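Sequential numbering from 9 applies to the sequence shown in this note's numbering.
Only one structure is covered here, and it is reproduced in the block below.
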Amino acid sequence: MLAMDRSTHRTFDALVDEAAAAPVEGWDFGWLDGRATEQRPSWGYQRLLGERLAAASAALDVQTGGGEVLAGAGAANFPPTLAATEGWPPNAARATRLLHPLGALLVTSPEDAPLPFADGAFDLVTSRHPARVDFPEIARVLAPGGTYFAQHVGGRTNVELSAFLLGPFAVPTAREHEVEAAQARAAGLEVVQCRNERLRLEFSDVGAVVWFLRKVVWTVPDFTVDRYRGRLRDLHELIGREGPFVSTMSRTLFEARKPAPR
């Protein structure tokens, strides 16, 4: 878990202004050290990713962010052919700087576009926390017998935080792990494992919430500090009275295989 407990006695405006100005590029959450804690899934995705990469001959990491997770799996584990995609330009630039020296090719590709690779090009496709999972495209670029291995953001993630800012809302079901398993099967993949865990997330000050919402944009899709200043002030006062704001994360370890021809 991330460390926590920075003072909550700073003024609301100081906390919010600091968080609104802080950079959010990449997929590193180190800015939250001392301000938030996130319980980790039991399986250790990055370690498992390294093992899968070491056994592959050609791999693709989809929506790699700033490339931190892929690089952290260990360049010694990289297969002879390794590519990654990322659609957000600041992240793509960051991933290029990080991954190219390690021998991985970064391709800038929007998350809602077809993957820019030939059919059956990879025996392993991976992703950590993709914003969008396109199972038909994953199935297309997988070689027969190839594997998709990923950690997804599961359904009902951060509903407590979303509801605090938005009020009552219809919780989407598309990221529920049972729904994703059905989507993978519909794309012709065999689901090997689909493990979901619900995990605790705590924010110790309102600045941590502001920074998190700027980075994890789907939590409150129309978030700006000005638009939600009133509710952010309410949250600041709530944390001052009752302590850290608690929300719930959901993570799914997902593995599926493309059947080999009989």
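C-beta atoms are modelled at their ideal positions from N, C-alpha and C, and glycine is treated no differently.
What you are looking at is a predicted structure, and each value in this text was computed from that prediction instead of being measured.
Pairing LEU132 with THR116 gives a Cβ-Cβ distance that is not under 8 Å. Short of 6 Å from the beta carbon of LEU68, and not among the five residues preceding or following it, lie these beta carbons of its own chain, in chain order: ALA91, PHE130, VAL133. The Cβ-Cβ distance between PHE86 and ALA112 falls below 8 Å. Rounded to the nearest angstrom, the Cβ distance from TRP219 to TRP39 is 6 Å, consistent with a contact under 8 Å.
Burial state of ARG136 is buried, judged by a 10 Å Cβ sphere holding 16 or more other Cβ atoms. Between the alpha carbons of LEU173 and ASP213 lies a gap of roughly 15 Å. For VAL32, the CB contacts under 6 Å within the same chain, skipping 5 residues up- and downstream, are ARG222, LYS223 in chain order. Apart from the 5 residues on each side of it in sequence, ILE146 sits with its Cβ closer than 6 Å to the Cβ of VAL133, TYR156 in its chain, given in chain order. The alpha carbon of SER258 has as its nearest neighbour, out of VAL200, ARG208, GLY175, the alpha carbon of ARG208. Approximately 15 Å separates the beta-carbon atoms of VAL228 and VAL24; this is outside 8 Å, ruling out the contact.
Beta-carbon to beta-carbon, LEU261 and ARG206 are separated by about 13 Å, too far to satisfy the 8 Å threshold.
The C-beta of GLN201 has fewer than 16 other C-beta atoms within 10 Å across all chains shown, which makes the residue exposed. Burial of SER170 is indicated by the presence of at least 16 other C-beta atoms within 10 angstroms of its C-beta. When Cβ pairs closer than 8 Å are counted between the two stretches, the stretch 183 to 191 is seen not to touch the stretch 245 to 254, the count staying below three.
Note on the stretch 18 to 70: whole beta strand (DSSP E) runs with a minimum of 3 residues are 44 to 46, 66 to 69, in chain order.
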